[in-house]
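Novice: Got a structure for you, questions after.
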Amino acid sequence: MNLRRLLAVWHARNLEFLRDRSTLVFNFLFPLALVVAFAVIFGGDAQSLFKIGVVAPPGASLDARLHPFLGTRHVDFYDVDAAGIDEAIRKVERHQADLLLDLRFSPRYWINEDSPKGYLAEKLLLETAGDPAARQPVTGAEVGYVDWLLPGVLGMNMMFSCLFGVGYVVVRYRKTGFLRRLSATPVTAAEFGAAQILSRLILTISVTSLIYAALALFVPFRNEGNVLLLLLIAVAGAMSMIAFGFVLAARFASEELANGVINLASWPMMLLSGVWFSLEGAPAWLQQSARALPLTQMLDAARAVMLDGAGLQAVLPQIGWLALMTVLFLGIAATGFRWRAD
Amino acid sequence: MKPVLEVRELVKQYPGVRAVDGVSFTIEPGVCFGLLGPNGAGKTTTVEMMEGVTEPTSGDVLYCGEPLGPRFRAEAGIQFQKTALQEFLTVRETLQLFRRLYPRGRDVDDLIRVCALEQVANRDNRKLSGGQLQRLLLAIALANDPQALFLDEPTTGLDPQARHNFWDLIRSIKAERRTVLLTTHYMEEAYFLCDVVAIMDQGRIIAEGPPSRLLKEHFEDVVLELPREDFRGDPADFPLPVLAANDRVEISTPDVERALRALLDRGVPLRHLRIRPRNLEDLFLELTGRELRT
Numbered sequence: 415m416n417l418r419r420l421l422a423v424w425h426a427r428n429l430e431f432l433r434d435r436s437t438l439v440f441n442f443l444f445p446l447a448l449v450v451a452f453a454v455i456f457g458g459d460a461q462s463l464f465k466i467g468v469v470a471p472p473g474a475s476l477d478a479r480l481h482p483f484l485g486t487r488h489v490d491f492y493d494v495d496a497a498g499i500d501e502a503i504r505k506v507e508r509h510q511a512d513l514l515l516d517l518r519f520s521p522r523y524w525i526n527e528d529s530p531k532g533y534l535a536e537k538l539l540l541e542t543a544g545d546p547a548a549r550q551p552v553t554g555a556e557v558g559y560v561d562w563l564l565p566g567v568l569g570m571n572m573m574f575s576c577l578f579g580v581g582y583v584v585v586r587y588r589k590t591g592f593l594r595r596l597s598a599t600p601v602t603a604a605e606f607g608a609a610q611i612l613s614r615l616i617l618t619i620s621v622t623s624l625i626y627a628a629l630a631l632f633v634p635f636r637n638e639g640n641v642l643l644l645l646l647i648a649v650a651g652a653m654s655m656i657a658f659g660f661v662l663a664a665r666f667a668s669e670e671l672a673n674g675v676i677n678l679a680s681w682p683m684m685l686l687s688g689v690w691f692s693l694e695g696a697p698a699w700l701q702q703s704a705r706a707l708p709l710t711q712m713l714d715a716a717r718a719v720m721l722d723g724a725g726l727q728a729v730l731p732q733i734g735w736l737a738l739m740t741v742l743f744l745g746i747a748a749t750g751f752r753w754r755a756d
Numbered sequence: 002m003k004p005v006l007e008v009r010e011l012v013k014q015y016p017g018v019r020a021v022d023g024v025s026f027t028i029e030p031g032v033c034f035g036l037l038g039p040n041g042a043g044k045t046t047t048v049e050m051m052e053g054v055t056e057p058t059s060g061d062v063l064y065c066g067e068p069l070g071p072r073f074r075a076e077a078g079i080q081f082q083k084t085a086l087q088e089f090l091t092v093r094e095t096l097q098l099f100r101r102l103y104p105r106g107r108d109v110d111d112l113i114r115v116c117a118l119e120q121v122a123n124r125d126n127r128k129l130s131g132g133q134l135q136r137l138l139l140a141i142a143l144a145n146d147p148q149a150l151f152l153d154e155p156t157t158g159l160d161p162q163a164r165h166n167f168w169d170l171i172r173s174i175k176a177e178r179r180t181v182l183l184t185t186h187y188m189e190e191a192y193f194l195c196d197v198v199a200i201m202d203q204g205r206i207i208a209e210g211p212p213s214r215l216l217k218e219h220f221e222d223v224v225l226e227l228p229r230e231d232f233r234g235d236p237a238d239f240p241l242p243v244l245a246a247n248d249r250v251e252i253s254t255p256d257v258e259r260a261l262r263a264l265l266d267r268g269v270p271l272r273h274l275r276i277r278p279r280n281l282e283d284l285f286l287e288l289t290g291r292e293l294r295t
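Just so you know, the sequences run in chain order V and P.
Per our numbering: the first sequence = residues 415 to 756.
Per our numbering: the second sequence = residues 2 to 295.
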């Protein structure tokens, strides 16, 4: 090992890094964005012991004046819209909420008889003074974290495969001049793009299907819906994320910059699309923004099918959104696509 | 018959530098046209505008009398100066890839044979030597059986043997009466391969024509070269102009007999005497007053 040579290369690399402004800026922005994202998600009050949905009369706020039970400490009372009561009951069935209290008319509550935390929450409710509430028992097996996480992890894997597999590779082709060589042949940008999309789509879907099959053999998980519908959702999701990868790769010729930009795009999806945890409890604006992300739509649809047995009609809005995003991203990518590095 | 390629008043302006400054020429069918000049003369920029991969600032490029379009891309074969290929493909697979991009062309086995790639046909293209890689890039350029072949400094970086092998290859392609545009900064290469040359310097063409005609127009003399230690006496006393260069002296004269007599009169040993005609490198020096490979 020749230290002088090593240091000369090290120095040159430092200069290169410092003079590549866009990569440099990114290197500062990325950790900053991460910190901000974590602060928004995990900020606020400490975690509560119980999660209880409350349907309040119009205009009433969730406090002890409405019902003494609402004055109980260390319980997360969240507001349930009257129109969303069916969804809220389903959450009780799946153990995602411990109890649902409807205070609009004569009080009544839903409780899952299979849920230990539901049992305790009910005890608390009955201990407090106030109008007695009518009991509405429901049953349902708990949705385990694995059941919930599995679509998230598969989706995340697909996202990385689509974004890096297309974005990074196209940038490398451009940097090395391979794209320029292709531009001197009759191949058009659309042909080149379609070939990349197809190749990556087949690869990603095959790999995801294999992982799904292997998991089905060794890890029992919940799938209440149709596997073919899941496949359709996966194809729609993969298409939109590959197209997104093309947008990110349309112009850059620096692999380092592309790597940074793709990370910048994939980390918010990792954190906000509900791969690891649900965003319930996060600010509404954040939840709304997260819905615009392709991974969120794909995971919402996949979980609706796997956990609730949703049919095609129920997930059509998500599939439609994914298709719309695919068209939009491809349009942007085709407009901005460059064959050459300079 | 229309020229295969024609450029008219081609200009490429980059911020702060005019890389190509109003270049015009035509290339007739079956001609090997050489674009010569030092690095940075504007050769590659000119060629890339002719290939349609760089947009000219102004001026026109015509292929068979028409602006560049799909027909040009289908019928032109291009070997870029620098190009990376798709990784993890063998030579044969790479040729198959490019062959399939064209509606018509040569058989892959034929390309492998013509470009002497039989030994490495199944080798990963990242594991080729410099000469083998250049031959593969040439084979790619020939994949569509092109009417016009662009070769941008195809032998730069090759060792002398690989360079001579490559020249033989180009001559066999020339024998098929293809139109070739070759850029090079090796004057010997241009003289050996080209029917017509254009010498570029600082974005302009400073001379154009068949190499032998250009040399005849600019030079009447030949050069006598001798080792410095063999030349006796003061060069200033010699009846002809003498140029001392490194370890040798050069005497330029149209009258060889007179120069030889003067050398014999001085008792200069002629065992290591070399008489060479003027070459394109001399012509470039004559035209620009600068060394070529700077």
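For each residue, glycine too, the CB sits at the ideal point set by N, CA and C.
Does DSSP put P:LEU129 in a helix, a strand or coil?
Specialist: coil
Novice: Judging by CA-CA distance, which residue of V:MET653, V:LEU700, V:SER597 and V:LEU707 is the nearest neighbour of P:PRO71?
Specialist: V:SER597
Novice: Just the chain P side, please: which residues come within less than 8 Å of V:PHE592 by C-beta, in chain order?
Specialist: THR84, ALA85, LEU86 and GLN87
Novice: P:PHE26 and P:ALA260 - do their beta-carbons sit closer together than 7 Å?
Specialist: no
Novice: Name the two residues that bound the continuous beta strand (DSSP E) containing V:VAL696.
Specialist: In the sequence on display, residue 696 of chain V carries Ala and not Val. Looking at the DSSP string, V:ALA696 is not in any beta strand (DSSP E), and its letter there is neither H nor E.
Novice: With a threshold of 7 Å on Cβ separation, who are the neighbours of P:CYS65 within its own chain once the five nearest residues in sequence on each side are excluded?
Specialist: LYS3 and VAL5
Novice: Can you find the residues in the same chain that come closer than 8 Å, C-beta to C-beta, to P:ILE113, ignoring five residues on each side of it along the sequence?
Specialist: VAL92, ARG93, LEU96, GLU119, ALA122 and ALA140
Novice: Could you name the residues of the same chain whose beta carbon sits closer than 6 Å to that of V:ARG752, not counting the 5 residues immediately before and after it, in chain order?
Specialist: ARG665.
Novice: Measuring only between beta-carbons, confirm whether V:ARG588 sits less than 7 Å from chain P.
Specialist: no
Novice: Taking the alpha-carbon positions, what's the P:HIS165 to V:ILE676 distance?
Specialist: 47 Å
Novice: Any idea what DSSP makes of V:ASN441, helix, strand or coil?
Specialist: Note that V:ASN441 scores 48 on pLDDT, short of 50, meaning its location in the model is unreliable; the coordinates nonetheless yield the value given after this. DSSP places V:ASN441 in helix when its eight states are reduced to three.
Novice: Any idea which residues DSSP pairs P:ARG9 with across the strands?
Specialist: P:ASP61
Novice: Is the shortest distance between the beta-carbon of P:ARG294 and the beta-carbons of chain V less than 7 Å?
Specialist: Below a pLDDT of 50, predicted positions are generally treated as unreliable, and P:ARG294, at 47, falls in that range; the measurement from the model is reported next regardless. For P:ARG294, the answer is no, since every Cβ of chain V falls outside 7 Å of its Cβ.
Novice: What's the C-alpha gap between P:LEU11 and P:PHE81?
Specialist: 20 Å
Novice: On a Cα-Cα basis, can you pick out the residue from P:ASP160, P:ILE171 and P:LEU134 that is closest to P:PHE151?
Specialist: Closest by alpha carbon: P:ILE171.
Novice: According to DSSP, simplified to helix, strand and coil, what is P:GLU258?
Specialist: helix
Novice: To the nearest angstrom, report how far apart P:VAL250 and P:LEU227 are at their CA atoms.
Specialist: 5 Å
Novice: V:TRP690: buried (16+ other C-beta within 10 angstroms of its C-beta) or exposed?
Specialist: Under this definition V:TRP690 is an exposed residue.
Novice: Can you give me the Cβ contacts of V:THR486 inside the same chain, cut-off strictly under 8 Å, excluding the 5 residues immediately before and after it?
Specialist: LEU538 and THR542
Novice: Pick helix, strand or coil for V:TRP524, following the three-state DSSP scheme.
Specialist: V:TRP524: strand per DSSP, three-state reduction.
Novice: Kindly indicate which residue of P:ALA144, P:ASP153, P:PRO161 and P:GLN148 has the alpha-carbon position closest to the one of P:GLY132.
Specialist: P:PRO161
Novice: Name, in chain order, the residues that DSSP records as bridge partners for P:ALA122.
Specialist: In the DSSP output, where bridge partners are listed per residue, P:ALA122 has none listed.
Novice: Which one or two residues does DSSP pair with V:TYR626 in a beta bridge?
Specialist: Its beta-bridge partners do not exist; DSSP assigns none.
Novice: Assuming the contact rule is C-beta atoms closer than 8 Å, P:GLU184 and P:GLU154 should be a hit. Round their C-beta distance to whole Å, please.
Specialist: According to the sequence as given, residue 184 of chain P is Thr; it is not Glu. Right, their Cβ atoms sit about 6 Å apart.
Novice: May I ask you to report which of helix, strand or coil DSSP gives P:SER173?
Specialist: helix
Novice: Which residues mark the beginning and the end of the alpha helix (DSSP H) in which P:PHE99 is found?
Specialist: Counting along the chain, the alpha helix (DSSP H) containing P:PHE99 begins and ends at 92 to 100.
Novice: Using a C-beta to C-beta distance shorter than 8 Å, which residues of chain V count as neighbours of P:VAL54?
Specialist: ARG594, SER597, ALA598, TRP753 and ARG754
Novice: How about P:ARG100: is its C-beta nearer than 7 Å to some C-beta of chain V?
Specialist: no
Novice: May I have the straight-line CA-CA distance separating V:ILE647 from V:ALA748, to the nearest angstrom?
Specialist: 24 Å
Novice: Helix or strand or just coil, what does DSSP make of V:LEU517?
Specialist: coil
Novice: Going along the segment 64 to 77 of chain P in order, which residues come within less than 8 Å of chain V, judged by CB to CB distance?
Specialist: PRO71, ARG74, ALA75 and ALA77
Novice: Look at V:LEU693 and V:ALA679 and say whether their C-beta atoms are less than 7 Å apart.
Specialist: Annotated as distal: V:LEU693 and V:ALA679, with beta-carbon spacing of 7 Å or more.
Novice: Any idea what DSSP makes of V:ALA748, helix, strand or coil?
Specialist: helix
Novice: For the 8 Å Cβ check, are there 3 or more pairs between the segment 209 to 220 of chain P and the segment 276 to 289 of chain P?
Specialist: yes
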